[in-house]
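Going line by line, the protein sequences match chains A and B. In terms of numbering that gives the first Met the number 0, the first sequence has 78 at position 79, counting the first letter as 1, and numbering is strictly consecutive. In terms of numbering that gives the first Met the number 0, the second sequence has 125 at position 126, counting the first letter as 1, and numbering is strictly consecutive.
2 protein chains.
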Amino acid sequence: MQIDGARFLKDLHDLRAIGASGIAKGVVRPAYSAADIAAREWLADRMRDAGLDVRFDPAGNLWGIAKGKSLLVGSHSDTQPEGGWLDGALGVVMGLELARAAQEAGGPAVSVVSFQDEEGRFGVTTGSAIWSGSLSLDHADTLTDSAGTSFATARAAMSHLIGDFVDPAQFSGFVECHIEQGPWLDEAGQSIGVVTDIVGIRDMRVTFEGEQNHAGTTPMHRRRDAFQALSAFNTALNDRLRNVVTPQSVWTIGHVSLHPGAHSIVPGKVVFSMQWRDGDTARLTRMETVIRETAADVADATGMRLSFSEMLGLEPVAMDAQLRKALAQAAQQIAPDRWREMQSGALHDATNVAALMPAAMMFAPSINGISHTFYEDTHEADLLCGLNVLAAALPALAKAGGGS
Amino acid sequence: MQIDGARFLKDLHDLRAIGASGIAKGVVRPAYSAADIAAREWLADRMRDAGLDVRFDPAGNLWGIAKGKSLLVGSHSDTQPEGGWLDGALGVVMGLELARAAQEAGGPAVSVVSFQDEEGRFGVTTGSAIWSGSLSLDHADTLTDSAGTSFATARAAMSHLIGDFVDPAQFSGFVECHIEQGPWLDEAGQSIGVVTDIVGIRDMRVTFEGEQNHAGTTPMHRRRDAFQALSAFNTALNDRLRNVVTPQSVWTIGHVSLHPGAHSIVPGKVVFSMQWRDGDTARLTRMETVIRETAADVADATGMRLSFSEMLGLEPVAMDAQLRKALAQAAQQIAPDRWREMQSGALHDATNVAALMPAAMMFAPSINGISHTFYEDTHEADLLCGLNVLAAALPALAKAGGGS
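Next comes the structure, spelled out in structure tokens:
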């Protein structure tokens with residue numbers, strides 16, 4: 000089987016022209032935007048050219064399906080509002096080139112997917128969550144983006160393309176290539192990451208309510224300042240988590256909303272996001288306990304009313320051992336000592352697909368570890384290395400899942 | 000001279016019906032709103048009934064002017080978006096009753112003012128700042144409120160009422176009555192506060208810029224999280240200020256804006272408000288030094304870029320000694336041992352007027368120390384006590400400034 004690296008790179012660059020930001024190699028292709036739909040139609044044409052049967056499902060996931068039992072390869076082609084050119088598009092175009100080369104060579108059968116709204120305009124990995132059954136289409140239709148647009152309204156923009164859901168039973172397994180979005184491969188000068196598992200996530204909003212008051216006439220000792228409670232909580236939490244976490248554990252306060260948010264008013268209320276991730280479900284639960292206890296202690300000490308939103312989460316997922324082994328052996332063959340096994344700290348569509356079939360992931364390095372910006376990039380030599388590893392692994396990947 | 004307490008209380012209750020919130024005794028009369036303008040027209044009618052010459056100046060300040068040299072008494076009748084019924088309206092209606100009683104008694108001459116936008120929809124004590132010359136009308140016209148409306152557009156809603164500015168030389172002095180907006184009088188069971196001085200204020204925005212990154216793939220030790228920098232700054236500042244401040248000093252972080260403000264993104268930037276107040280200019284400066292040095296130290300320690308906005312401020316202002324003495328003697332006569340001398344932690348129009356003429360202030364108690372909410376209130380016995388003190392002080396107040 001003969002893959003064509005130049006054709007693969009040309010497709011990546013042609014694709015990034017759709018919704019190009021004009022800044023660096025950046026792309027603006029949020030899920031269901033005109034640019035996202037145009038990119039999906041362009042990908043559909045390439046899939047047809049490759050002899051695949053093209054389908055769009057009700058969530059807007061794009062499928063290029065090979066005959067018979069096939070290995071599914073892909074990722075997503077939607078981007079963050081300020082996105083990079085590779086991110087998930089890399090995995091989709093890798094799947095396209097692999098399927099194309101396999102068709103030309105007469106097998107093994109490779110199908111391609113570009114999942115919709117992986118970046119979570121509406122949910123978390125929305126398109127693959129719907130396909131895998133963890134999110135119902137009816138429930139998804141009620142979700143809204145930050146501008147208040149409903150998922151039902153957004154996906155209607157693709158109604159002229161949409162058909163039925165695709166039967167997962169026709170796929171022997173799923174392999175997703177993606178950029179690492181972290182620093183480890185780039186720092187080590189390595190080209191390939193074979194993912195061992197995808198971390199789990201917990202996410203909720205925490206509210207402290209104190210007393211709104213005049214910032215001139217309220218003495219410090221009489222204040223019940225919600226921002227001061229947040230700061231005390233953050234300081235205590237960083238200290239108390241030390242005995243619980245590992246170097247792979249992360250926790251983030253990324254959103255803070257103070258009420259009323261005026262220079263001259265002691266803030267009476269704060270709502271903030273509390274998100275944490277780890278590869279071990281038990282540790283996620285221990286972190287949750289520390290977070291809830293610390294918030295309660297700070298609320299008691301500072302005279303705040305405390306409340307928590309519903310907690311959302313995804314469990315850690317281990318990658319399929321056989322598929323992992325196939326990728327590792329190919330990596331060692333193509334890039335000896337320039338690859339590693341590693342955990343994924345980011346969520347991916349593979350988390351959902353793993354509920355349906357054996358799933359595995361491979362990472363390409365992110366220069367300086369940055370992603371979700373216009374400046375995200377990967378050396379083309381590493382992109383080609385990843386494609387070659389995938390091609391070398393294909394026979395074993397197809398056999399592992401019992402594909403043709 | 001015979002004041003009429005029932006007439007005074009009826010006017011206060013009639014006034015609060017204009018823009019009544021329907022919640023407790025709350026009022027919604029933001030500067031230049033229809034309710035604010037209606038309230039000013041209602042007050043203008045009462046001033047005419049009292050035999051005063053009614054004028055509106057270009058800023059929308061309302062004047063009821065007695066013949067000859069007169070003592071100016073008043074405050075403001077605009078409110079916060081969620082305001083109380085007394086706040087500044089108390090001082091305006093007290094001035095109205097005092098002027099009315101003085102007219103009936105044939106002197107001393109009392110004029111009345113309701114300044115515009117004391118609550119700072121556009122600036123800080125905007126109407127009195129323009130009249131006192133600390134803010135030019137041209138500059139004020141360029142200011143916008145939080146909805147983006149310009150001051151020029153807002154004051155145009157009063158154009159049918161507006162005439163020239165009023166000559167300050169005709170006033171012998173200014174006395175402003177206002178609710179305390181703090182807990183001290185209420186806690187001590189006292190009825191009257193005679194203000195010694197109004198604190199100064201410093202206000203600026205501080206920006207920390209770190210690195211925006213993925214909240215799943217960026218290890219804790221590699222993050223440059225702007226929220227963490229803010230939290231570290233707040234903790235260090237509270238500690239370092241202890242050796243500088245007095246129990247009267249206050250400092251507040253009331254507004255925090257995280258960028259991009261997403262659950263799954265390590266915040267790369269925070270802009271927050273830093274405001275502090277004290278009665279001593281030198282201490283305000285020492286606090287500024289601690290604030291700037293602490294921010295610089297935290298920026299160094301956490302790898303942030305640090306920047307400060309222009310710093311705005313008003314200097315502390317001492318109340319006129321003769322006017323203060325007149326109020327204190329009347330307070331001791333009317334409410335022996337139920338009054339105190341005290342500092343004002345809130346800004347007031349008197350801060351601006353003091354640049355033009357002798358100025359003094361008197362406070363009524365705030366039940367539970369609350370203000371700028373619908374639930375702000377004062378016992379009517381205390382309102383009447385304040386009016387009686389002002390009436391008893393009037394001869395000395397008029398003489399102090401050389402009024403007729």
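In this text, a Cβ means the ideal position worked out from N, Cα and C, and glycines have one as well. All figures in this text were calculated on a predicted structure; none of them were measured in a lab.
Please check the pair residue i and residue j, which I expect to be a contact at CB under 8 Å, by giving their CB distance rounded to whole angstroms.
i: Leu236(A); j: Ile290(A); result: 6 Å
i: Thr234(A); j: Ser230(B); result: 6 Å
i: Ala359(B); j: Val111(B); result: Wrong, their Cβ atoms sit about 16 Å apart, outside the cutoff.
i: Ala228(A); j: Gly126(A); result: Not confirmed; about 39 Å, so no contact.
i: Ala104(B); j: Gly63(B); result: Contact flag wrong, Cβ pair sits at about 17 Å.
i: Gly192(A); j: Met341(A); result: 5 Å
i: Ile200(B); j: Gln274(B); result: 7 Å
Short of 6 Å in beta carbon distance, which residues of its chain neighbour residue i, apart from the five on each side in sequence? Order them along the chain.
i: Gln79(B); result: Glu118 and His371
i: Arg337(B); result: Gln189 and Ser190
i: Ala156(B); result: Tyr31
i: Arg304(B); result: Glu208
i: Arg222(B); result: Val265
i: Glu210(B); result: Arg223 and Gly267
i: Ala397(B); result: Leu70 and Pro107
i: Ala395(A); result: Ala325
Is the separation between the beta-carbon of residue i and that of residue j shorter than 8 Å?
i: Ser113(A); j: His75(A); result: yes
i: Ala307(A); j: Val205(A); result: Looking at the sequence itself, residue 307(A) is Phe, so the reference to Ala does not match. Yes, they are a contact pair.
i: Ala225(B); j: Val297(B); result: no
i: Trp250(A); j: Met203(A); result: no
i: Asp140(A); j: Ser149(A); result: yes
i: Ser69(B); j: Ala108(B); result: yes
i: Leu95(B); j: Arg47(B); result: no
i: Phe173(A); j: Val388(A); result: no
i: Gln1(B); j: Ala49(B); result: no
i: Pro364(B); j: Leu184(B); result: yes
i: Arg276(A); j: Val198(A); result: yes
i: Val92(B); j: Asp10(B); result: yes
i: Val316(A); j: Thr350(A); result: yes
i: Ala354(A); j: Ser133(A); result: yes
i: Asp319(B); j: Pro357(B); result: yes
i: Glu375(B); j: Asp13(B); result: no
With a threshold of 8 Å on Cβ separation, who are the neighbours of residue i within its own chain once the five nearest residues in sequence on each side are excluded?
i: Gly18(A); result: Val26, Val27, Arg28, Ser32, Ala34, Asp35, Ala37, Ala38 and Thr78
i: Ala15(A); result: Sequence check: residue 15(A) is Arg here, not Ala. Around Arg15(A): Lys24, Val26, Trp84 and Ala88.
i: Gly90(A); result: Val72, Gly73, Ser74, His75, Glu175, Cys176 and His177
i: Leu8(A); result: Glu379, Leu382 and Leu383
i: Arg6(A); result: Glu96 and Arg99
May I ask whether a heavy atom of the ligand MG can be found less than 7 Å away from the beta carbon of residue i?
i: Met219(A); result: This structure lacks the ligand MG, and indeed carries no ligand of any kind.
For residue i, go through chain A and note every residue whose CB falls closer than 7 Å to its CB, in chain order.
i: Gly344(B); result: Gly215 and Thr216
i: Gln321(B); result: What Gln321(B) touches in chain A: nothing, since even the nearest Cβ is about 26 Å away.
i: Thr234(B); result: Ser230 and Thr234
i: Ala261(B); result: Gly253 and His254
i: Val27(B); result: Near Val27(B) there are no residues of chain A at all, since even the closest Cβ is about 15 Å away, more than 7 Å.
If the cut is a Cβ gap below 9 Å, which residues of chain B does residue i touch?
i: Val352(A); result: Result: empty, since nearest Cβ-Cβ is about 18 Å, beyond 9 Å.
i: Asp416(A); result: This structure cannot speak to residue 416(A), because chain A is shown only from 0 to 403.
Would you mind telling me which residues of chain C sit closer than 7 Å to residue i, beta carbon to beta carbon, in chain order?
i: Val255(A); result: Reference to chain C is not applicable here, since the protein chains of this structure are A and B.
Can you pull the chain A residues whose beta carbon is under 9 Å from the beta carbon of residue i, in chain order?
i: Pro246(B); result: Pro218, Met219 and His220
i: Ser416(B); result: What is shown of chain B runs 0 to 403, which leaves residue 416(B) out entirely.
i: Pro266(B); result: Thr251, Ile252, Gly253, His254 and Val255
Identify the contact partners of residue i in chain B, using a Cβ-Cβ distance below 8 Å as the criterion.
i: Arg276(A); result: Ala214 and Gly215
i: Gln180(A); result: His213, Gly215 and Thr216
i: Val193(A); result: Within chain B, no residue comes near Val193(A); the closest Cβ sits about 16 Å away, beyond 8 Å.
If you drop the 5 nearest sequence neighbours on each side, which residues of the same chain put their C-beta closer than 7 Å to that of residue i?
i: Ala432(A); result: A query on residue 432(A) cannot be resolved here, the shown segment of chain A reaching from 0 to 403 and no further.
i: Asp279(A); result: Pro315
Could you work out which residues of chain B lie near residue i, taking near to mean beta carbons separated by less than 7 Å?
i: Ile366(A); result: What Ile366(A) touches in chain B: nothing, since even the nearest Cβ is about 14 Å away.
Which bits of chain A does residue i rub up against, with CB to CB less than 8 Å?
i: Val270(B); result: Within chain A, no residue comes near Val270(B); the closest Cβ sits about 12 Å away, beyond 8 Å.
i: Val249(B); result: Ala214, Gly215, Thr217, Pro218 and Met219
i: Val198(B); result: Gly215
- [ ] Assess, as a yes-or-no matter, whether the region 206-226 of chain B is touched by the region 375-385 of chain B under the definition of 3 or more beta carbon pairs within less than 8 Å.
- [x] no
- [ ] Take every Cβ of the region 256-270 of chain A, pair it with every Cβ of the region 240-257 of chain B, and state whether three or more of those distances are shorter than 8 Å.
- [x] yes
- [ ] Take every Cβ of the region 177-195 of chain A, pair it with every Cβ of the region 307-317 of chain B, and state whether three or more of those distances are shorter than 8 Å.
- [x] no
TODO: Please determine if the region 344-360 of chain B and the region 117-135 of chain B are in contact, where contact requires at least 3 C-beta pairs separated by less than 8 Å.
DONE: yes
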